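Have a look at the structure below before the remarks.
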Amino acid sequence: MNRQVCRRAASSASLVNKTPLTQLDKKWAKIWLEESGSFHPGKKNVDPNAPSFYCLSMFPYPSGTLHMGHLRVYTVSDVMARFKRLKGFNVIHPMGWDAFGLPAENAAIERGVNPAVWTKSNISKMKDQMRLMLADFDWDREVTTCSPDYYKWTQKIFLLLYERGLAYRKEAEINWDPVDKTVLANEQVDAEGRSWRSGALVEKRNLKQWFIGITQYAEALEKDLKLLNGWPSKVKAMQKNWIGTSKGAEVKFPTNNGRVITVYTSRPDTLFSVQFVAIALNHPIAQEIARNDPKLEQFINKMKEKDDPESKDGYLLQGTKASIPIDFANKKSQKFDVPVYVAPYVLGSYGHGAVMGCPGHDDRDYAFWKLHNADKPILQVVSSGKETPVPFTGKTGTLEVRSDQFPLGPLSLGNYAGMTNTDAGKRITEVLSTLQAGGPSTQFKIRDWLISRQRFWGAPIPIVHCNECGTVPVPDDQLPVLLPEIEGEIFGKGNPLTKLPEFTKTTCPSCGSENARRETDTMDTFMDSSWYFFRYLDAHNSSEPFDKDLASKHIPVDMYIGGVEHAILHLLYSRFLAKFLADVGMWNSELAKANHFEPFLQLVTQGMVHGKTYTDPVTGRFLKPDELDERKLIKATGATPKISYEKMSKSKYNGADPAECIAKYGADATRAHMLFSAPLSDQLNWNEEHIAGITRWLDKVLGLASQIGQYANENTKRPSSDECFNEKELIKLYNGTCLEDAMLNQAEFDLINGVSTFINRISKSIDEELGFNTIISDYMKITNELISAMKSEKYIDPRILIHCYQQLVVVMAPVTPSVAEEAWELLHLALNEEHQSVFYQKFPEVLLLSSPYANYNVFINGKARGSLKGPKALEKQPDELLKLVLSQEQISKHVHGDIKKVITKPGVISLITRK
795 MNRQVCRRAA
805 SSASLVNKTP
815 LTQLDKKWAK
825 IWLEESGSFH
835 PGKKNVDPNA
845 PSFYCLSMFP
855 YPSGTLHMGH
865 LRVYTVSDVM
875 ARFKRLKGFN
885 VIHPMGWDAF
895 GLPAENAAIE
905 RGVNPAVWTK
915 SNISKMKDQM
925 RLMLADFDWD
935 REVTTCSPDY
945 YKWTQKIFLL
955 LYERGLAYRK
965 EAEINWDPVD
975 KTVLANEQVD
985 AEGRSWRSGA
995 LVEKRNLKQW
1005 FIGITQYAEA
1015 LEKDLKLLNG
1025 WPSKVKAMQK
1035 NWIGTSKGAE
1045 VKFPTNNGRV
1055 ITVYTSRPDT
1065 LFSVQFVAIA
1075 LNHPIAQEIA
1085 RNDPKLEQFI
1095 NKMKEKDDPE
1105 SKDGYLLQGT
1115 KASIPIDFAN
1125 KKSQKFDVPV
1135 YVAPYVLGSY
1145 GHGAVMGCPG
1155 HDDRDYAFWK
1165 LHNADKPILQ
1175 VVSSGKETPV
1185 PFTGKTGTLE
1195 VRSDQFPLGP
1205 LSLGNYAGMT
1215 NTDAGKRITE
1225 VLSTLQAGGP
1235 STQFKIRDWL
1245 ISRQRFWGAP
1255 IPIVHCNECG
1265 TVPVPDDQLP
1275 VLLPEIEGEI
1285 FGKGNPLTKL
1295 PEFTKTTCPS
1305 CGSENARRET
1315 DTMDTFMDSS
1325 WYFFRYLDAH
1335 NSSEPFDKDL
1345 ASKHIPVDMY
1355 IGGVEHAILH
1365 LLYSRFLAKF
1375 LADVGMWNSE
1385 LAKANHFEPF
1395 LQLVTQGMVH
1405 GKTYTDPVTG
1415 RFLKPDELDE
1425 RKLIKATGAT
1435 PKISYEKMSK
1445 SKYNGADPAE
1455 CIAKYGADAT
1465 RAHMLFSAPL
1475 SDQLNWNEEH
1485 IAGITRWLDK
1495 VLGLASQIGQ
1505 YANENTKRPS
1515 SDECFNEKEL
1525 IKLYNGTCLE
1535 DAMLNQAEFD
1545 LINGVSTFIN
1555 RISKSIDEEL
1565 GFNTIISDYM
1575 KITNELISAM
1585 KSEKYIDPRI
1595 LIHCYQQLVV
1605 VMAPVTPSVA
1615 EEAWELLHLA
1625 LNEEHQSVFY
1635 QKFPEVLLLS
1645 SPYANYNVFI
1655 NGKARGSLKG
1665 PKALEKQPDE
1675 LLKLVLSQEQ
1685 ISKHVHGDIK
1695 KVITKPGVIS
1705 LITRK
C-alpha cells in the first residue's frame, strides 16, 4: 500500500468535532438515566465483594443556587468516585442537604412562607444544577436533615448523650445575636465580636442553655490528631490550637476570711513571685461579695457593658487577702499578704476563673500591676542567667532572686534556689498535692459545645420540663418530636415555638402531669451535620440511626472533600461524635480501633474560587459588567479599570454562574477548565476566557475517533520495508485480542510506552498527588501524540493506534464523561463494532515494554574502543553483531589484523585480533 495514502487520514481539518459539546451533555445524560438510573452505567456491574471506597463531599445548605465553589468541590469528588469505580472499587458517593438553619428561617420571614416549603423548592433546583454538572451521586442514599426521618435520629443521639451526662442544661453567659435574636457558639463569633451570620455586634447575656460535653473528649481529640496523616497540617494545627491543651497545676490560695481561690497555672515554677490574685467578673466570690458591696456591683456591671477582655481595669477587694499556700520550706503558708482583685481580663470560662498574678513573668499581669501598683517593685524568681528583662516570660531558666526584691536573697527560695524552672515546677506541684493545696492539672481552651438555639428551624430538643419531675427525656417511642406545620406570618425575630401552646403544652412522660411543657430551644445545625456520613450508609433505616455492621464496614470515610473554613466547627464536632458513637457501641472495626475511631482518613481542602473584579481607578468603586465596553474600558470615562481576583460576591459584581458556563461550553469543558485552572489547594482565579483551549482539545479527541476508524480500514498491512523487531511480550489490546505476531517498529514501541507512562502518571496524579490540574495537560499531550503518530512516516499498526486511543478515552472518562462516552461510541461505529458504555471498562493497566535495543560497550584486545546501540537480539547472533561493529567507522578503525575471536555478553562485545 502506498505509504503516503496511509498518512492522509490525519489531516488537521478533519480532526475537529462537529457536534457541539453542550448537546453531548443532554444526549448522554438522557441515555445514562434511561439505561441505569444514574450517570455511571457501570455501577450496576460492580462486585459487591470488591473493596469499598467512601468518597464524601461536604453536603451543601440548600440556598437554591450552586456557586463556583460548589462546582469545584463536586467536580473533584465526582472525578475521584468515577476513577475509583474504573479501578474496580465499590464506591460510595452520596449527596444530601444540610437543610436546617437561620437562612431558611430568615427567608420564611421575608417571604411569608414555611421554611420547609422554601427548603424543598431549593433542593429541587440544586439537584437539577448538580445534574447539569454530570455529577454522579448515589441519590438512593440522599438525606435531608430537616426531614423527620432524619432528625428523629439526631434527637436519639442527643438522648444518648443525655443518658451519659454529656448533654446538660445550665445557666451560662452566652453570645447573643441581637439581630437574629439567638444564641451563638464561640466559634460563630468572629475576631471583631460580630455574628458570623448577621454581622451584628454580639452581646453577652445569662441564659439557661443546653450544652454537649465535648471537653470530656478534649484530650483524645488533641492526642489523636497525630493519627490523621491524610489531613492538611494547617487544619490539624487549627484544631490543636482550638482545643488548646495546657499542662500545669492547680493552686488553692486560702484567704483571711475563710474562702479558697483555686487557680490554674501553666507555670507553677513562678509561684513564689505571686504578687496578687485576680478573679473573673462572674466568679462566685465576686458575685457573693457584690451582693453587699454596691461599688463592686457597679464595677462588674460597667465592665460587662464595656465587654473588653483586654481591659486592665480592676477592683481591689477590701478586707480580702490571700496567702501563697506553701513556702520555700515546703510547708503550708498562712501569711495573708496577697491582694485580691476582680478583673475583666480574667476569663471566667477558662480554668477556674482566677489567675495568680506574676508581674515578673507574665505580660498581662505586668500591665495590670503597673496600672494599679506602679510604685511597688516587681518580683522575679526565674532568671535566664543573663540580664533578665521584666517581665521575663521565657520557658527555660533557673530559680534565683535579687536581693533588692527579696530581703533574704537566695534564702527566700530555700532548696528551690538554683533549680531549673522545669524541676522546680514539678517539685512545687508534688508539694501542693502532698499538702492538699493543689496538684497537677490539664486544662483546655475548648469549651463545651453550646447547642441551644432560640429559633424555629432546627431539630427540637427532645426534653420535657415538669414541675414535679424536673427535666425529663422524651421516650424513644415518642420520637421524633416534630416541628409544627405553621404559616409564614407567625415568624418574626426570636423563636416562634414559644408562641405555640399546641407545641409547648404536653404530658410528662414520667408522672403523667398535664402541666408539663416542651423544651422550645432547637439544636445547633452542627448536631445534624456531625453524623450525616453515618446515615448515608443506611438512609432508609426506620428502626435505628444506622446499621452497626454497615458503619463498621465503611467508616472511616476514605476521602472527605470540603472547605478549610469548617476546620474548628463541623470537623471537630464530627470527630467528637464519631468517638462517642463508638463508645456507645454503634460502630466498630479493626481499622476503626487502629485509628481511634477517627471518622475521616483523608481530608482534602480546596482553595476558594475568586472572580475577575473590575474597579474604578479613581473612586475604587466596583464596576458592573455593563459599565465596561468590548475592550474592557470604562464606558463613562474611557479609563482602564483596575483588575483583580477577589472572593465572588454580588456587591463586587464578579460572580459566575456554573449553570450559565455549562450552557455555553458544556459540562465537560467546564469541569476540565475548573480542574486545569489551579492546583486543588490553591486559590482558583476563574477566567472563562481561557476555556477555549479546553474546548479545542475536546474537539480534537472526538475528531480522532472517526479518523482512527478510517485509518484502520485503510492501513491493513505492514509495509515490507518497515524495520521491525520481535517483541516477546504480547500486547493485550482493549478488545481482548493480542498482537500475535508481536512485531513492533520503533514508532509503535514509543507510542505504547508513551501511553503507558501517561496512564501511570494519571493514576498517580489522581490517587496520590491530587494533581488534577496536571492531568488535563497530560490528556492534551497524549492527544497530540496520537495525532502525530497518525501523521508520522512510520507505519503504526491500526490495532495499536486503536488500543492507545481507547486507553486515552477510558482515562479521560472520570473528568469528561460525556465526551468520553461519545468518543467511545464514535470509534466503535467507525469500526462497525458492538460496544458497551465506556464506564463498563476498567482503568487501563500500565504496560511498559522493555526496550528492544541495548547499548553495547566494545572492547578490542581488552581496550575500550567505544559503544554503540543495537537490537538486543544480536546478543545471541555474534556474527550479526560483529557486522554492526564493523559498520561503525569510529570503532572499526581500531581493528588491525584478522579477528580471531568474538565474545558477547549482555551489553558487551569483545574482539580478539591477530596482529
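Sequential numbering of the sequence shown, starting at 795, is according to our numbering. Note that beta-carbon positions come from the ideal geometry of N, C-alpha and C, so glycine has one too. Because the structure is a prediction, the values reported are computed rather than measured.
With at least 16 other beta carbons inside 10 angstroms of its own, Glu1194 counts as buried.
Taking a 10 Å sphere around the C-beta of Lys1028, we find fewer than 16 other C-beta atoms and assign the residue as exposed. Beta-bridge analysis with DSSP links Met1150 to Val1071.
Residue burial is scored here from C-beta neighbours: Ala1231 has at least 16 other C-beta atoms within 10 angstroms and is therefore classed as buried. Between the beta-carbon of Pro1303 and that of Gln1272 there is about 7 Å, and that keeps the pair under the 8 Å contact cut. When Lys1429, Leu1678, Trp1325 are compared, the shortest CA-CA separation from Gly1664 is found for Leu1678. A distance below 6 Å between beta-carbons, with the five flanking residues on each side excluded, links Pro1608 to the following residues of its chain, in chain order: Val873, Arg876, Phe877.
Bounds of the alpha helix (DSSP H) holding Thr816 are 815 to 830.
Taking 8 Å as the cut-off, the Cβ atoms of Tyr1408 and Leu1422 count as close. A residue is called buried when at least 16 other Cβ atoms come within 10 angstroms of its Cβ; Asn969 meets this threshold and is buried. If you draw a straight line from the Cα of Tyr1160 to the Cα of Phe1066, it comes to about 15 Å. Note: Cys1302 is not bridge-paired with any residue in the DSSP secondary-structure output. CA-CA distance, Ala1466 to Glu1542, rounds to 29 Å. Non-local C-beta neighbours of Pro909 in its own chain, meaning closer than 6 Å and more than five positions away in sequence, comprise Ala898, Glu899, Ala902, Trp1251, ordered along the chain. If you keep only unbroken beta strand (DSSP E) runs of at least 3 residues inside the segment 1096 to 1135, you get 1109 to 1116. Beta-bridge annotation (DSSP): Ile1703 is paired with Val1652, Thr1698. Counting along the chain, Trp1004 sits inside the beta strand (DSSP E) bounded by residues 997 to 1006.
Three or more pairs of CB atoms, one per stretch, sit closer than 8 Å, so the segment 1007 to 1019 contacts the segment 953 to 970. Around Leu1110, the same chain offers Pro1133, Val1134, Tyr1135, His1166 as residues with beta carbons nearer than 8 Å, after the five sequence neighbours per side are excluded. One alpha carbon belongs to Thr1314, the other to Leu1331, and they sit about 31 Å apart. Contact between Leu1478 and Ala1472 holds: their C-beta atoms lie close to 4 Å from each other, under 8 Å. Here Lys1695 is exposed, its C-beta having fewer than 16 other C-beta atoms within 10 Å. The Cβ atoms of Ala1457 and Glu1482 do not sit closer than 8 Å to each other. The residues Phe1238, Lys1239, Ile1240, in chain order, have a CB closer than 7 Å to that of Gly1038 in the same chain once the five nearest residues on each side in sequence are set aside. Under the three-state reduction of DSSP output, Phe1543 falls in the helix class.
Secondary structure note for Arg1311: its beta strand (DSSP E) is the uninterrupted segment 1310 to 1312.
Within the segment 1453 to 1508, the complete beta strand (DSSP E) runs of at least 3 residues fall at 1478 to 1480. Its chain contains Leu1075, Met1097, Asp1102, Pro1103, Ser1105, Asp1107 as the residues whose beta carbon lies nearer than 7 Å to that of Pro1138, once the 5 sequence neighbours on both sides are disregarded; these appear in chain order. The three-state secondary structure of Thr1434, taken from DSSP, is coil. Unbroken beta strand (DSSP E) runs of no fewer than 3 residues, entirely contained in the segment 827 to 896, are found at 846 to 851, 884 to 886, following chain order. Bounds of the alpha helix (DSSP H) holding Lys1347 are 1342 to 1348. When the five nearest sequence neighbours on each side are left out, the beta carbons in the same chain lying within less than 7 Å of the beta carbon of Cys1305 are those of Cys1260, Glu1262, Cys1263, in order along the chain. Rounded to the nearest whole angstrom, the C-alpha separation of Ile1576 and Leu1602 is 8 Å.
His1334 is classed as exposed because its beta carbon has fewer than 16 other beta carbons within 10 Å across all chains shown.
In the three-state scheme derived from DSSP, where H, G and I count as helix and E and B as strand, Met1213 is classed as coil. Take Ile1569, set aside five residues on each side of it, and the residues of its chain with a beta-carbon closer than 6 Å to its own are Ile1556, Ser1559, in chain order.
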